[in-house]
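**Q**
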Amino acid sequence: MLTRLKGGHIVDPANGRDVVADLFIEDGHIVDPPADGRAPGEIIDCKGLIVMAGAIDIHSHIAGGHVNTARLLLPEFHRAFQSRPGATALSKVGWTTEETGLRYAEMGFTTVVEPAMAPSSALHAHLELADIPIIDKATLVVLGNDDFLMGMIRDGESESAIADYVAWTVSASRALGVKCINAGGSAAFKENVRQFSFDDEVPDYGVSSRKIVKTLQTAVTGLGIPHPLHVHCNNLGVPGDSAAAAEATIAAAEGLPLHLAHLQFYGYGAEGKRQFSSEGQRLAELVNATEEITVDIGQVMFGQTVTVSADELRQFAGRGQARPRKSVIFDHEANGGGVVPMDYKQSSYFNALQWAIGLELFLLIKDPSRVFFTTDHPNGAPFTAYPDIFALLMDRGVRQRWLEALPKSVLEMTILPEITREYTLKEIATMTRAAPARLLGTADRGHLGKGAIADIAVYRPGDDKAAMFGRAAYVFKDGTLVVQDGRGVNRVSGRTLSLRPEADKAMAKRIDAYFDKRYGLPARWFEVPDYAIGREDPFKVVPCRR
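Start counting the sequence shown at 43; every next residue gets the next number (the numbering used here).
In structure tokens form, the structure reads like this:
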């Protein structure tokens, strides 16, 4: 059926469009106006409304072992918990797979990337992702602390052999890209190392974090994987050391693309009587000066959340800050990880400065196509905090009201009150649509040009940007109306986006022998089968259960 979205304000920076015009949908894609004068089967009046492509979140922990461990650790925040009151501190997190898809869609997001999938847990992650409705999903597979890779680097194996290993891992795990988390840090942690920097070496392997990152960067770039190596730097959250780690990693890009995750958590200096200060301006200047670098922010917002990370070393170090006072630290063959609940308080000097540092980075990094909109869900805040962040970026008055509620000591340590920039609709669409689609190599989305999949978000403009972006007027997923007036109206099944790079057959045999020797299992047990992905057929539309 031909559908016409009539007279909306189209904001489509990927195609240079910022105009009032009609948009046509047919067979799940955006099409040109019919040349034969055919009448559309459905007309939706979008006069006075903002029309954008569906939004894309490149870094949100929505599935896998860490997420489920968090659910098990905090049963008091589950809807199913019998004594749970009507609203709790985490009532907006969206704990279930059902809520995750619906809440994202209600804000106009149609594609989300799970950024930390262990190769050994890939099947579990994909099965859970398949249960999340509406949105399309993708994963980044984690390498950089695994014995096979570090052994290859230690033994001086060729770039082509390492690229074959990376290709096999991406293909077997059905990932869209590669992530490196505190490269070598978890392996060093197993040897009782408690501080690990960019040029430190992993005991027994003799390879540095720098060497691991550069090796993976070369492999990812050489294989033609569109998304650059996605790097979680060393010393996350350590005042002084975190900023130094981010600076060293940026310098190590050396002209090849590199993506730094949740940069806010590296924006910490050690100045002042509390030995905690902002390095936001310095990091923003480094990003601005290094064109091959892209970043996402990991914005902190106030309230209860839970941190989940495969950075085993730093989660172990941070477990004393857990609120409520319980945590899980676990180890396995590569990264391991930890789950530490966190309650960010507006009255806390430290938490309030974290909030300010994230906004400094958002507002001081000049190019919206190189800075991406994330809270590192749920680490900095649940993704349901996004509407408030849009308002903070687009309205200086809103920022000022939030600043007035902070401890005065924070205002002495941040330049945020001096920043006058306000994001435009075009910049928001670039940061959340056009740029992430380009970064991920998914040319079929992030824009409203002919042939794009009909993932479309329509908003009612207004002075209250949080209300505008919190409740989309309409959202279409592959041409099907899934949200109307901020509520789900149809439940469809999203796709899984993945790459299948080819590795030399000799590498597959070698990996099979390795798994058999180490685990007593053939490598095929770690390959994600087609049936776990599925959901790429035409969508079945059924009523929403919510």
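By construction, the Cβ of each residue, glycine as well, lies at the ideal position given by its N, Cα and C atoms.
With distances taken Cα to Cα, identify the nearest neighbour of Ala433 among Phe404, Pro281 and Gly379.
**A** Here residue 433 is taken as the residue at index 391 of the sequence shown, counted from 1. Taking only the C-alpha atoms, the option nearest Ala433 is Phe404.
**Q** Using 10 angstroms around the beta-carbon of Tyr308, count the other beta-carbons present and answer buried if the total reaches 16, otherwise exposed.
**A** Here residue 308 refers to the residue found at position 266 of the sequence shown. Counting C-beta atoms within 10 angstroms of its own C-beta, Tyr308 has 16 or more neighbours from the protein chains shown and is therefore classed as buried.
**Q** Taking the straight line between their C-alpha atoms, what separation do you get for Ser535 and Arg196?
**A** Here residue 535 refers to the residue found at position 493 when the sequence shown is read from its first residue. Here residue 196 refers to the residue found at position 154 when the sequence shown is read from its first residue. Straight-line Cα distance between these residues: approximately 44 Å.
**Q** Would you check if the distance between the CB atom of Ile72 and the CB atom of Arg46 is smaller than 8 Å?
**A** Counted from its first residue, the sequence shown places residue 72 at position 30. Counted from its first residue, the sequence shown places residue 46 at position 4. No; because the gap between Cβ atoms is not below 8 Å, this pair is not in contact.
**Q** Kindly confirm or deny that the stretch 303-323 and the stretch 395-403 touch, where touching means at least three C-beta pairs closer than 8 Å.
**A** yes
**Q** In the DSSP assignment, the alpha helix (DSSP H) including Glu289 goes from what residue to what residue?
**A** Reading the sequence shown from its first residue, position 247 is the one you call residue 289. For Glu289, the enclosing alpha helix (DSSP H) begins and ends at Asp283 to Ala293.
**Q** For Arg441, which residues in the same chain have their Cβ closer than 6 Å to its Cβ, ignoring the five residues on either side in sequence?
**A** Start at 1 with the first residue of the sequence shown, and residue 441 comes out as number 399. Leu434, listed in sequence order.
**Q** Between the C-alpha atoms of Trp397 and His272, what's the straight-line distance to the nearest angstrom?
**A** For the purposes of this step, residue 397 is taken as the residue at position 355 of the sequence shown. For the purposes of this step, residue 272 is taken as the residue at position 230 of the sequence shown. Cα-Cα distance, rounded: 23 Å.
**Q** Consult DSSP for Met384 and reduce its assignment to one of helix, strand or coil.
**A** On the sequence shown, residue 384 is found 342 positions in, with the first residue counted as 1. In the structure shown, Met384 sits in a strand (DSSP, three-state: E or B).
**Q** Residues in the same chain with beta-carbon distance under 6 Å from Ile292, minus the five sequence neighbours each way, listed in chain order, please.
**A** Counted from its first residue, the sequence shown places residue 292 at position 250. Contacts found: Leu328, Thr332 and Ile335.
**Q** Give the DSSP bridge partners of Lys221, in chain order.
**A** The residue labelled residue 221 in the question sits at position 179 within the sequence shown. Answer by DSSP bridge pairing, in chain order: Val184 and His272.
**Q** With DSSP collapsed to three states, give me the class of Glu243.
**A** Taking the sequence shown and counting its residues from 1, the one referred to as residue 243 is at position 201. Residue state, collapsed to three classes: strand.
**Q** Check for me: the beta strand (DSSP E) holding Ile254 runs from which residue to which?
**A** Indexing the sequence shown from 1 puts residue 254 at position 212. From DSSP, Ile254 is part of no beta strand (DSSP E) but of the alpha helix (DSSP H) over Ser251 to Leu265.
**Q** Would you call the CB atoms of Thr257 and Ile339 closer than 8 Å?
**A** Taking the sequence shown and counting its residues from 1, the one referred to as residue 257 is at position 215. Taking the sequence shown and counting its residues from 1, the one referred to as residue 339 is at position 297. No, the Cβ-Cβ distance between Thr257 and Ile339 is not below 8 Å.
**Q** Taking the straight line between their C-alpha atoms, what separation do you get for Gly49 and Val500?
**A** The count along the sequence shown starts at 1 and reaches residue 49 at position 7. The count along the sequence shown starts at 1 and reaches residue 500 at position 458. Straight-line Cα distance between these residues: approximately 12 Å.
**Q** Kindly identify the DSSP beta-bridge partner or partners of Val350.
**A** The residue given as residue 350 occupies position 308 in the sequence shown. Its beta-bridge partners are Val381.
**Q** DSSP three-state label for Asp505, please.
**A** Here residue 505 refers to the residue found at position 463 of the sequence shown. The answer is coil: DSSP assigns Asp505 none of H, G, I, E or B.
**Q** I'd like to know whether the C-beta atoms of Val212 and Val183 end up nearer to each other than 8 Å.
**A** In the sequence shown, the residue the question calls residue 212 occupies position 170. In the sequence shown, the residue the question calls residue 183 occupies position 141. Yes, the Cβ-Cβ distance between Val212 and Val183 is below 8 Å.
**Q** Is the beta carbon of Pro459 sitting closer than 8 Å to the one on Ala394?
**A** Here residue 459 refers to the residue found at position 417 when the sequence shown is read from its first residue. Here residue 394 refers to the residue found at position 352 when the sequence shown is read from its first residue. It is not a contact, given that the beta carbons lie outside the stated cut-off.
**Q** Could you pull the start and end residues of the alpha helix (DSSP H) that Arg113 belongs to?
**A** Stepping through the sequence shown from its first residue, residue 113 is reached at position 71. From DSSP, the alpha helix (DSSP H) with Arg113 extends over Gly107 to Leu115.
**Q** Taking only runs that begin and end inside the stretch 480-504, name each unbroken beta strand (DSSP E) of 3 or more residues, in chain order.
**A** Considered as a whole, the stretch 480-504 harbours 498-501 as its complete beta strand (DSSP E) runs of no fewer than 3 residues, in chain order.
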